Amino acid sequence: MKITFPHMGNVYIPLKTFFEGIGNEVVVPPLCSKKTLEIGTKIAPEFACLPLKINLGNFVEAFEKGADTIVMAGGIGPCRFGYYCEIEREILKRQGYDFEMIVLEPPKGHLFELIKNFKKLFKKDMSSLINSAKFAWKKAIILDSLEKAISKKRAKEKIMGKTDKVYRELLARIENISEEKSLEKFDQEVKEKLSEIEENQENPIIIGIVGEIYTVLEPFANLNVEKQLGELGAETVRNIYITDWVKGNLFPNFLKPKDHREVVKSAFPYIGHFVGGHGQESIAQIVNFSKKSFDGVIHLLPFTCMPEIVAKSAIPKVSQKFQIPVMTLVLDEHSVEVGLRTRLEAFVDLINQKKKRRTFSNEMFFGS
Ligand code: SF4
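Residue numbers (the numbering used here): 5 to 372.
Take a look at the structure:
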């Protein structure tokens, strides 16, 4: 049995560590590319959301590398994700692929099914399960702080592209680390490598990234929006990182962080109940980011994404009330990086002008 799973940003690194640790052979699909999307678009229904198309492309590319079993997360709630595994299974079977699909449903309401399916992947003893879960979790924590640090550096780097070069090298290193000791050394190495990148003196603007989880986490799907903003001198902070995804999808409710539930409450005046996906979180985080004095927010959603369409309808009110500029970007297979760049440049320009005006009037009234 050679297992595979879809890409979603750097999630593949801790997932590979975990599944290998409990005794599986893992085939990671090639990183998402134009080819991946082309394959998925050809075999998916036209109005399926972008993540499904990219997922299908990932699976076909993984089959070409020898994978024969797909591990997929299940879902509940009013959004199409809950049907993803069934639809993907049908589409791929019709294309003639012979494979098994193991669906890991969220614990809420599916605990026995989750245990039954998970047993198919569990080929070692209990201690290997605990150790690999701990090891994978440590990698996920390091990846989260690496991603945050990279975004800070990118916005200030003196030589454009230097931060991303270091980032790529570090990702390749952490993927292959198989011992806890080396992981501790790696953490130190990250700090050293990042401190070597020369910085400009200016304070960058800070832009929050919210929206549908897949488009927020997968740089190919969001056309490298964080990298592009970094090149324009903006630091980015996301509403979700890898560990948040794990907590939200794999932890039972009582283990979910309290502060997250608190943040979601700030969406209630605009969206009073769960609308599926991360629709409510998107609104809550715009409120949260504005309270933290962020300069602007980018809201990402795949074309036809239902929860984020609901969120989008509430954004004008939130943006006006909290005086924070929000730009929504709808992504599909026709979106291109060049087109996005022009819009991002205009958005960053607008924020910089707004900031200058504010500084100017502060100086006029209060002195500098
Ligand atoms: S959250 Fe949006 S993009 Fe994701 S599965 Fe649901 S509808 Fe599709």
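Glycine residues also receive a C-beta, built at the ideal position from the N, C-alpha and C atoms. For clarity, every value in this text was computed on a predicted model and none was experimentally measured.
Query                                                                                       : Result
Cβ-Cβ distance between V1 and I355 below 8 Å                                                : The chain is shown only over 5 to 372; residue 1 falls outside these bounds and no answer can be derived.
Separation of K325 from S372, as counted between CA atoms                                   : With a pLDDT of 42 at S372, under the threshold of 50, the modelled position of this residue cannot be trusted; read the value that follows with caution. Those two C-alpha atoms are separated by around 28 Å.
S372, DSSP secondary structure in three states                                              : A caution first: S372 carries a pLDDT of 42, below 50, which makes its placement in the model unreliable, though a value can still be read off. Three-state result, S372: coil.
Burial state of M331, where buried means 16 or more other Cβ atoms lie within 10 Å          : buried
One or two residues paired with P110 in a DSSP bridge                                       : Bridge partners of P110: none, in fact.
Inter-residue spacing [alpha-carbon to alpha-carbon] between E173 and V334                  : 31 Å
Proximity test, C53 beta-carbon vs the ligand SF4 heavy atom, cut-off 7 Å                   : yes
Whole-angstrom distance between Y218 and M12, CA atom to CA atom                            : 6 Å
G212, DSSP secondary structure in three states                                              : strand
Member of S199, E349, S182, P273 whose CA lies at the smallest distance from the CA of T21  : S182
DSSP-derived helix/strand/coil call for V301                                                : strand
Cβ neighbour criterion (16 or more within 10 Å) applied to K127                             : exposed
Range covered by the beta strand (DSSP E) that runs through V241                            : 238-242
Separation of C53 from S339, as counted between CA atoms                                    : 13 Å
Extent of the continuous alpha helix (DSSP H) to which A315 belongs                         : 310-325
Cβ neighbour criterion (16 or more within 10 Å) applied to N292                             : buried
Cutoff 8 Å; reference F278; Cβ partners in own chain excluding five residues on either side : G81, P82, Q284
Beta-carbon proximity list for F51, same chain, < 7 Å, skipping 5 on both sides             : T308
Endpoints, beta strand (DSSP E) assigned at I95                                             : No beta strand (DSSP E) holds I95; the alpha helix (DSSP H) holding it covers 85-98.
Contact the region 217-234 vs the region 242-249: 3+ CB pairs below 8 Å                     : yes
Those residues which DSSP pairs with V75 across a bridge                                    : I106
Best match in E188, I178, A153 for proximity to L198 [C-alpha to C-alpha]                   : A153
Simplified DSSP assignment, three categories, for I460                                      : Absent from the model: residue 460. The displayed extent of the chain is 5 to 372, so no value can be given.
Three-state secondary structure assigned by DSSP to P306                                    : strand
L384, enclosing alpha helix (DSSP H) - first and last residue                               : Beyond the ends of the chain as shown, which are 5 and 372, falls residue 384; an answer cannot be given.
Proximity of V107 and G78 at Cβ, strictly below 8 Å                                         : yes
Nearest to L125 (by Cα), restricted to the options V30, A144, E206, R158                    : V30
Identity of the residues DSSP links to E203 by a beta bridge                                : E161
Start and end residues, beta strand (DSSP E) containing I7                                  : 6-8
Cβ-Cβ distance between H114 and V214 below 8 Å                                              : no
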